[in-house]
């Protein structure tokens with residue numbers, strides 16, 4: 217029951233089921249290696265498909281935004297489900313705080329960097345993502361404790377726009393495990409003990425028996441499996457549409473993430489466009505943006521005008537129409 221498609225569907229179940237109105241917090245650990253990509257990402261540019269097939273590494277796409285992650289039994293995923301009070305959705309620091317506080321007590325000086333990365337010594341140890349449905353949302357992250365970093369480096373192939381934004385040349389130089397940073401007396405801490413300590417911090421109690429719990433029923437699991445079955449029909453949801461355009465360009469926007477556009481032109485007219493990225497807005501209407509810029513002249517003024525009526529902030533994030541036009545027009549953003 218701990219496959220990526222099930223754990224992701226479990227999150228959606230907690231968000232959408234009328235049975236739950238209170239905040240929820242839980243952990244999950246994958247029984248085997250997997251690559252999980254964000255809802256709006258291009259799997260063909262983010263993942264070394266030949267490597268993960270040869271190594272029998274699972275591939276899954278989550279409902280939430282964010283970037284691609286490699287997870288294996290050395291990884292601990294933490295998830296908060298909460299109600300939107302008008303200010304807490306997308307506040308990654310708020311939901312990372314209990315984890316950072318716990319790690320600090322164990323000797324790990326973890327800090328937030330950028331919009332949704334937890335880092336130690338300048339290297340990423342946790343990436344966070346978010347998903348909102350109605351008035352409920354999730355905010356969670358992966359915590360790298362004993363992850364196979366060599367396999368992660370080979371499995372993930374992020375576009376150069378993302379790597380350049382981090383000032384690095386490879387995935388391997390960017391990520392690390394937290395095990396090495398624990399104080400000597402905690403060097404051999406188990407996952408169970410780590411989970412327990414985070415639980416105590418989240419619920420502000422001194423005894424694990426005081427943490428309120430909920431036991432899933434058989435009917436609950438049937439609902440979770442139904443969500444999985446409806447979303448993961450065949451491989452289309454996971455693999456998505458393979459870009460086959462004349463152009464593929466990407467740019468990292470601070471506070472938003474990497475936005476990529478695959479598009480084609482004919483006689484200086486945009487004939488097709490598809491938007492990808494690791495921006496943390498899985499609820500945006502990207503198709504509406506794509507439709508607005510299709511059949512538009514491939515020129516700055518025309519593209520900027522088209523983007524200006526697509527509500528970019530609601531559908532992607534705080535990105536200016538002129539910057540999106542430049543993304544399409546300037547060769548320096550080429551990813552091919």
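Numbering (this note's numbering), first residue to last: 217 to 552. The beta carbon of each residue, even a glycine, is placed where N, CA and C say it ideally should be.
Quick one: what does DSSP say residue i is sitting in, helix, strand or coil?
| i | result |
| --- | --- |
| residue 396 | helix |
| residue 587 | The structure shown has nothing for residue 587, since the chain only spans 217 to 552. |
| residue 551 | coil |
| residue 532 | coil |
| residue 294 | strand |
| residue 545 | helix |
| residue 241 | strand |
| residue 232 | helix |
| residue 285 | strand |
| residue 357 | strand |
| residue 362 | coil |
| residue 537 | helix |
| residue 429 | coil |
How is the alpha helix (DSSP H) around residue i delimited, first residue to last?
| i | result |
| --- | --- |
| residue 260 | 259-262 |
| residue 318 | 308-321 |
| residue 413 | 407-419 |
| residue 443 | 434-447 |
| residue 452 | 452-455 |
Residue i and residue j: beta carbons closer than 8 Å?
| i | j | result |
| --- | --- | --- |
| residue 516 | residue 551 | no |
| residue 227 | residue 250 | no |
| residue 543 | residue 537 | no |
| residue 473 | residue 493 | yes |
| residue 264 | residue 299 | no |
| residue 290 | residue 254 | no |
| residue 334 | residue 357 | yes |
| residue 224 | residue 288 | no |
| residue 512 | residue 486 | yes |
| residue 292 | residue 230 | no |
| residue 324 | residue 414 | no |
Which residues share a DSSP beta bridge with residue i?
| i | result |
| --- | --- |
| residue 476 | 466, 492 |
| residue 372 | 263 |
| residue 460 | Paired residues: none, contrary to the question. |
| residue 299 | 352 |
| residue 333 | 329, 343 |
| residue 513 | 485 |
| residue 277 | 253 |
| residue 391 | 340 |
Using 8 Å for Cβ pairs, my map puts residue i next to residue j. What's the rounded Cβ distance?
| i | j | result |
| --- | --- | --- |
| residue 340 | residue 295 | The pair is not a contact, with the Cβ atoms about 18 Å apart (cut-off 8 Å). |
| residue 530 | residue 509 | Not quite, the Cβ-Cβ distance comes to about 16 Å (not below 8 Å), so this is no contact. |
| residue 447 | residue 453 | 6 Å |
| residue 354 | residue 280 | 7 Å |
| residue 490 | residue 457 | 6 Å |
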